[in-house]
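K.L.:
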Amino acid sequence: AQKVTQAQTEISVVEKEDVTLDCVYETRDTTYYLFWYKQPPSGELVFLIRRNSFDEQNEISGRYSWNFQKSTSSFNFTITASQVVDSAVYFCALSEGGGSYIPTFGRGTSLIVHP
Amino acid sequence: EAGVAQSPRYKIIEKRQSVAFWCNPISGHATLYWYQQILGQGPKLLIQFQNNGVVDDSQLPKDRFSAERLKGVDSTLKIQPAKLEDSAVYLCASSVSGQGAYEQYFGPGTRLTVT
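Chains as they are written, first to last, in my numbering: chain A, 92 to 206; chain B, -1 to 113.
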């Protein structure tokens, strides 16, 4: 069973538009961790954010913000005023496993920002 | 601080041949991961090491894939014999102790083509 679902395969926006990337997860564990990674065209995955299951506070970092809602098992990522450099594939990941924390990645959302 | 190093960056082999990939994690990182990323998909965890012990290898095709982590530092992943469906990018990542609960730092990957 897929544990991390990124239903949006590809999103295309024009520069300066806001865009939200969706992530829905499933787990039976009460302690787990959620992550977002960015994979630019160069190919190397870059860590963006980590959240534990006990911290539902939203987070903002510059133009990036994350909305974690346990009630809907979602961890969505919003980019405000998108830029061409934001073009990349974005992956949501879940680490669970009763102490071992085995990571599972979603299939990714390809974001294309047009000038 | 040096990042995760991987070699080779590219490899082309014929089916039924063998191949090996090498990874040197960030100094001091106890957890090391090998992923397979097929074009258009998210990274799929093959094996996770904590120091030189295996935490999870449930998705490693053990009839053809093997991995080891010498002295809890460098790691090698081997495929013998390779199949066409093994064509993918093989990613190595590392994180501080705490296993999959912490953010991962990825290497540039090895792109394998099996013909």
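Where is the CB? At the ideal position from N, CA and C, for every residue including glycine. All values derive from a computational prediction rather than experimental measurement.
Counting along the chain, where does the beta strand (DSSP E) carrying His205/A start and finish?
P.N.:
Residue numbering aside, residue 205/A sits at position 114 when the first sequence is read from its first letter. Following the DSSP letters along the chain, one finds His205/A inside the beta strand (DSSP E) bounded by residues 200 to 205.
K.L.:
Which residues in chain B have a C-beta closer than 8 Å to the C-beta of Pro131/A? List them in chain order.
P.N.:
In the first sequence, residue 131/A corresponds to position 40, counting from 1. Per Cβ cutoff of 8 Å: no residues; Pro131/A is ~12 Å from chain B at best.
K.L.:
So, does the stretch 173 to 180 of chain A touch the stretch 188 to 204 of chain A, judging by three or more C-beta pairs under 8 Å?
P.N.:
yes
K.L.:
Measuring only between beta-carbons, confirm whether Gln78/B sits less than 8 Å from chain A.
P.N.:
The residue labelled residue 78/B in the question sits at position 80 within the second sequence. False, the Cβ-Cβ gap to chain A never drops below 8 Å.
K.L.:
Within its chain, find whatever has a CB closer than 6 Å to the CB of Gln46/B; leave out the 5 residues flanking it on each side and keep chain order.
P.N.:
Taking the second sequence and counting its residues from 1, the one referred to as residue 46/B is at position 48. Only Tyr31, Val53, Asp54 meet the Cβ criterion.
K.L.:
Can you tell which of Glu101/A, Leu125/A, Lys107/A, Thr111/A has its C-alpha closest to the C-alpha of Val95/A?
P.N.:
Along the first sequence, read from residue 1 onward, the residue named residue 95/A stands at position 4. The option with the nearest alpha carbon to Val95/A is Leu125/A.
K.L.:
Could you give the DSSP three-state label for Glu66/B: helix, strand or coil?
P.N.:
Walking along the second sequence from the start, residue 66/B turns up at place 68. Strand.
K.L.:
Between the stretch 157 to 165 of chain A and the stretch 180 to 196 of chain A, do three or more beta carbon pairs fall short of 8 Å?
P.N.:
no
K.L.:
Could you tell me which chain B residues have their CB closer than 9 Å to the CB of Arg141/A, listed as they occur along the chain?
P.N.:
Residue mapping note: residue 141/A aligns to position 50 of the first sequence, counting from 1. For the C-beta of Arg141/A, the chain B residues within less than 9 Å are, from N- to C-terminus, Ala99, Tyr100, Glu101.
K.L.:
Alpha carbon to alpha carbon, how far is Tyr116/A from Arg154/A? Give it in angstroms, no decimals.
P.N.:
Counted from its first residue, the first sequence places residue 154/A at position 63. Counted from its first residue, the first sequence places residue 116/A at position 25. Cα to Cα, Arg154/A sits roughly 24 Å from Tyr116/A.
K.L.:
If the criterion is Cβ atoms closer than 8 Å, does the pair Gly98/B and Tyr128/A meet it?
P.N.:
What you label residue 98/B is simply residue 100 of the second sequence in a count that begins at 1. What you label residue 128/A is simply residue 37 of the first sequence in a count that begins at 1. Their beta carbons are not under 8 Å apart, which means Gly98/B does not touch Tyr128/A by this criterion.
K.L.:
So, for Ala86/B: in the same chain, excluding its five sequence neighbours on each side, which residues have a beta-carbon less than 7 Å away from its beta-carbon?
P.N.:
Position 88 of the second sequence, counted from the start, is the residue given in the question as residue 86/B. The answer, listed in chain order, is Gln34, Gln35, Ile36, Leu110.
K.L.:
To test your reading of the DSSP string, which unbroken beta strand (DSSP E) runs of 3 or more residues are found completely within the stretch 105 to 145 of chain A?
P.N.:
Complete beta strand (DSSP E) runs here, min 3: 110 to 112, 124 to 130, 137 to 143.
K.L.:
Starting from the C-beta of Pro194/A, find all residues in its chain whose C-beta is less than 8 Å away, skip the five residues before and the five after it, and write them out in chain order.
P.N.:
Counted from its first residue, the first sequence places residue 194/A at position 103. Hits under 8 Å: Phe126, Ala184, Leu185, Ser186.
K.L.:
Per DSSP, what kind of secondary structure is Ser16/B in: helix, strand or coil?
P.N.:
By one-based count along the second sequence, residue 16/B stands at place 18. Correct three-state label for Ser16/B: coil.
K.L.:
Taking Cβ positions only, does Ile193/A come closer than 8 Å to chain B?
P.N.:
Looking up residue 193/A in the first sequence gives position 102. Ile193/A counts as touching chain B.
K.L.:
Give the interface partners of Phe104/B over in chain A, defined as CB-CB distance under 7 Å, in chain order.
P.N.:
Position 106 of the second sequence, counting from 1, holds the residue named residue 104/B. Simply Glu135, Leu136.
K.L.:
Report yes or no: is there a C-beta of chain B within less than 8 Å of the C-beta of Phe166/A?
P.N.:
On the first sequence, position 75 is the one that residue 166/A refers to. No, because no Cβ of chain B sits closer than 8 Å to the Cβ of Phe166/A.
K.L.:
Applying a beta-carbon distance threshold of less than 7 Å, which residues of chain B neighbour Phe126/A?
P.N.:
Locating residue 126/A in the first sequence gives position 35, where the first residue counts as 1. Within chain B, the residues near Phe126/A are Glu101.
K.L.:
Run through chain B and tell me which residues come within less than 7 Å of Phe159/A, C-beta to C-beta.
P.N.:
The sequence position of residue 159/A within the first sequence is 68, counting from 1. Going along chain B, no residue has its Cβ under 7 Å from Phe159/A, so there is no contact; the nearest lies around 16 Å.
K.L.:
Verify the CB distance criterion: does Leu43/B have a CB-CB separation below 8 Å to chain A?
P.N.:
Position 45 of the second sequence, counted from the first residue, corresponds to residue 43/B. So yes, Leu43/B belongs to the interface.
K.L.:
Between which two residues does the beta strand (DSSP E) carrying Gln174/A extend?
P.N.:
As a first step, residue 174/A must be located in the first sequence, where it is residue number 83. From DSSP, Gln174/A is part of no beta strand (DSSP E); its letter is neither H nor E.
K.L.:
Return helix, strand or coil for Gly38/B, following the three-state DSSP convention.
P.N.:
Along the second sequence, one-based indexing puts residue 38/B at 40. Coil, per DSSP.
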